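Protein chains: 2
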Amino acid sequence: MSEKTQLAASARSNRKVESKEEKPRVRLSQQAIVATAADLFARKGFGATSLDDIGEALGVTKGALYYHIKNKEEILKLIFMTVLAVSEEPLRQIVRSEASPAEKLNRAIAHHAAVAADRSPAMTVFYREDVHLTGPFAREIAARKKAYERLFEGIIEEGIRTGQFRQDIDPKIAAFGILGMCNWLSEWYRPGRAYNPQQIAAFFSRLAESGLVRPENSPL
Amino acid sequence: MSEKTQLAASARSNRKVESKEEKPRVRLSQQAIVATAADLFARKGFGATSLDDIGEALGVTKGALYYHIKNKEEILKLIFMTVLAVSEEPLRQIVRSEASPAEKLNRAIAHHAAVAADRSPAMTVFYREDVHLTGPFAREIAARKKAYERLFEGIIEEGIRTGQFRQDIDPKIAAFGILGMCNWLSEWYRPGRAYNPQQIAAFFSRLAESGLVRPENSPL
DNA sequence: TGAAAATTCTACCGCCTGTTCAAATGCACC
DNA sequence: GGTGCATTTGAACAGGCGGTAGAATTTTCA
Chain A
267 MSEKTQLAAS ARSNRKVESK EEKPRVRLSQ QAIVATAADL FARKGFGATS
317 LDDIGEALGV TKGALYYHIK NKEEILKLIF MTVLAVSEEP LRQIVRSEAS
367 PAEKLNRAIA HHAAVAADRS PAMTVFYRED VHLTGPFARE IAARKKAYER
417 LFEGIIEEGI RTGQFRQDID PKIAAFGILG MCNWLSEWYR PGRAYNPQQI
467 AAFFSRLAES GLVRPENSPL
Chain B
267 MSEKTQLAAS ARSNRKVESK EEKPRVRLSQ QAIVATAADL FARKGFGATS
317 LDDIGEALGV TKGALYYHIK NKEEILKLIF MTVLAVSEEP LRQIVRSEAS
367 PAEKLNRAIA HHAAVAADRS PAMTVFYRED VHLTGPFARE IAARKKAYER
417 LFEGIIEEGI RTGQFRQDID PKIAAFGILG MCNWLSEWYR PGRAYNPQQI
467 AAFFSRLAES GLVRPENSPL
């Protein structure tokens, strides 16, 4: 499906030195493979992305990939590890901090939204392609995902306990709602649009805190 | 791989009527194929689910499937069509109704959450496997998805215009937030748990309307 | 420069997949 | 009971996939 445009492009620039496809000038490495693969997996899906595709995107044959990685699933594993690496510890620090529950929630939303937006390809893979993980690693990821959700839940529980949040809410459902709001970012957010991740996160915080309805006595 | 057990079973029960594996007693049909496939696609992914898998789940050889469907992608298309069939029209009716923006939003959230929860396998496929659609159909789905989002956006815009909703919010981001909250349901909701879809929807409505924070003057 | 180490290429294998099709089977109805 | 249509089977196929191994190349560094 891209052959035609490829043909047209090379016909137009046939006397140039050698541009054609923009091969990345970065040296091949596990990290480069993982980054490129995350991009392709997010766009075409894990199953529909071949090692040939990844190699081609890196300007290399697929054989070369095997010097840096064990197999295809390991690439997927590494993507999951990077997402967790940038997600877990910052959130734990927020939970451990001395801030009020509302402030903790603010920071947690800002953190999570920033991750979902900034690492959007890896994040998309994280939530779409988990079905392709197998064995103990799949279980480990599921467990850490659940633990991450529990941290959000804990913040909300704390807010209810201290009376800062309303009593008529279920912490688990509220946590899933807020996480869903943020996770969905990786489906629609594209950099360079009207708002940056921080602004979106700030807005989500406001939504989670106070909702949409204008208080009766508030000024227009 | 199942030939041995098959042999053993038929040897054991050679005088019985014929029980063996629990083959679904429903007659093969396009609808049955789509329902079964949605389940498998949601659990293992479109690419990792073979037509053999689908056939086996239906107690039929994969060749039989081709009497009812054109090819594998058509199954995926039909799943997308069913989701849209139960989603679009009810939401349009809500938008067209005479209710207030807040009430419209309530109903829209209830509707969308119910779809996400009740049709969870199809909904999971709808949001995870869209990358496997190609050609004009892929574009059509993308357009209708966007139109659906716009309906939510419109409700919020109306609320802002009439002064019922706060002025300091962006309708588009609010719509994405609420949709994300609901869509995420298909990732975690399982029937028969503590809450049913209606209760969850009611809670999401409250969250979107008023947020988590307890108003200063509200009773504990 | 030259040899050793690191990296990539080429060619190939076995397996599985979606799809097709003629033949076999089941089934409704005269 | 038998005829004709609807449905399913089973085998075959071409293509693409992940993965491997040794040859070929590039890089490193004494």
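Same order as they appear, the protein sequences are chains A and B.
Residue numbers for the first sequence follow the numbering used here, beginning at 267 and rising by one.
Residue numbers for the second sequence follow the numbering used here, beginning at 267 and rising by one.
For glycine and all other residues, C-beta sits at the position ideal for the given N, C-alpha and C.
All of these numbers come straight from a predicted model, not from anything done at the bench.
Give a yes or no on whether 8 Å exceeds the smallest Cβ distance from residue i to chain A.
i        : result
B:Ser353 : no
B:Leu306 : no
B:Gly329 : no
Do you know offhand how far residue i's Cα is from residue j's?
i        : j        : result
A:Glu395 : B:Val352 : 26 Å
B:Ile466 : A:Gly443 : 10 Å
A:Lys289 : A:Lys412 : For A:Lys289, the predicted structure reports a pLDDT of 46, less than 50, and the residue's modelled location is therefore unreliable. A value from the coordinates is still provided. Distance between the alpha carbons of A:Lys289 and A:Lys412: 39 Å.
A:Ser363 : A:Ala441 : 19 Å
B:His334 : A:Pro481 : 56 Å
A:Cys448 : A:Leu294 : 33 Å
B:Glu287 : B:Gly321 : Only weak support is given to the placement of B:Glu287: the predicted model assigns it a pLDDT of 42, under 50, and the value that follows is read from those uncertain coordinates. Cα to Cα, the separation comes out at about 14 Å.
B:Asp318 : A:Ala365 : 55 Å
B:Ala528 : B:Asn462 : Residue 528 of chain B is absent from the structure shown; chain B starts at 267 and stops at 486.
B:Ala323 : B:Pro437 : 44 Å
A:Ala408 : B:Trp450 : 16 Å
A:Glu355 : B:Gln297 : 46 Å
A:Leu371 : A:Phe431 : 11 Å
A:Arg309 : A:Glu453 : 11 Å
B:Pro457 : B:Ala388 : 15 Å
A:Ala468 : B:Leu445 : 18 Å
A:Thr348 : A:Asp305 : 14 Å
A:Glu340 : A:Ala330 : 15 Å
A:Phe487 : B:Ser476 : The requested residue 487 of chain A does not occur in the structure, where chain A is confined to residues 267 to 486.
B:Ile435 : A:Lys328 : 48 Å
B:Pro402 : A:Arg373 : 42 Å
B:Gly420 : B:Arg358 : 11 Å
A:Phe346 : B:Ala474 : 31 Å
Counting contacts by CB-CB distance shorter than 8 Å, is residue i in contact with chain B?
i        : result
A:Phe346 : no
A:Ile422 : yes
A:Ile320 : no
A:Ser366 : no
A:Leu342 : no
A:Gln430 : yes
A:Ile435 : yes
A:Ile360 : no
A:Ile407 : no
A:Ala440 : yes
A:Lys289 : For A:Lys289, the pLDDT reaches just 46, beneath the cut-off of 50, and the residue's location in the model is therefore unreliable, although a value from the coordinates is still provided. No, A:Lys289 does not count as interfacial toward chain B.
Mind listing the chain B neighbours of residue i? Cutoff is C-beta to C-beta under 8 Å, in chain order.
i        : result
A:Gly401 : Within chain B, no residue comes near A:Gly401; the closest Cβ sits about 15 Å away, beyond 8 Å.
Specify, as a first and last residue, the run of the alpha helix (DSSP H) that residue i falls within.
i        : result
A:Tyr247 : Because chain A is modelled from 267 through 486, residue 247 of chain A falls outside the range shown and cannot be assessed.
B:Ala330 : 328–331
B:Arg472 : 463–476
A:Ala362 : The residue asked about is misnamed: residue 362 of chain A is Arg in this sequence, not Ala. Here the alpha helix (DSSP H) through A:Arg362 covers 338–362.
B:Pro437 : 437–449
A:Ser311 : As written in the sequence, residue 311 of chain A is Gly, which differs from the Ser given in the question. A:Gly311 -> no alpha helix (DSSP H), and no H or E assigned at all.
B:Pro481 : Segment: none, B:Pro481 is in no alpha helix (DSSP H) and carries neither H nor E.
A:Tyr455 : Run containing A:Tyr455: none; DSSP gives neither H nor E here.
A:Ile422 : 401–427
Residues of chain A with a CB under 9 Å from the CB of residue i: which are they?
i        : result
B:Arg416 : Within 9 Å Cβ-Cβ: nothing; B:Arg416 doesn't reach chain A, min ~13 Å.
B:Phe332 : Here residue 332 of chain B is Tyr; the residue named in the question, Phe, does not match the sequence. Under the 9 Å cutoff, chain A gives no residues; its nearest Cβ is about 21 Å from B:Tyr332.
Name the chain A residues that come within less than 8 Å of residue i, Cβ to Cβ?
i        : result
B:Ile375 : Within chain A, no residue comes near B:Ile375; the closest Cβ sits about 10 Å away, beyond 8 Å.
Closer than 7 Å by beta-carbon distance: list the chain B residues that pair up with residue i, in chain order.
i        : result
A:His398 : Gly311, Ala314
A:Ala323 : Within chain B, no residue comes near A:Ala323; the closest Cβ sits about 16 Å away, beyond 7 Å.
Which residues in chain A have a C-beta closer than 7 Å to the C-beta of residue i? List them in chain order.
i        : result
B:Arg394 : Arg394
Select from the segment 442–453 of chain A all residues with a C-beta closer than 8 Å to any C-beta belonging to chain B, and list them in chain order. Listed in sequence order: Phe442, Gly443, Ile444, Leu445, Gly446, Met447, Cys448, Asn449, Trp450, Leu451, Glu453.
Quick one: which residues of the segment 456–484 of chain B get their C-beta closer than 9 Å to a C-beta of chain A? List them in chain order. Hits within the stretch, in order: Ala460, Tyr461, Gln465, Ile466, Phe469, Phe470, Arg472, Leu473, Ala474, Glu475, Ser476, Gly477, Leu478, Val479, Arg480, Pro481, Ser484.
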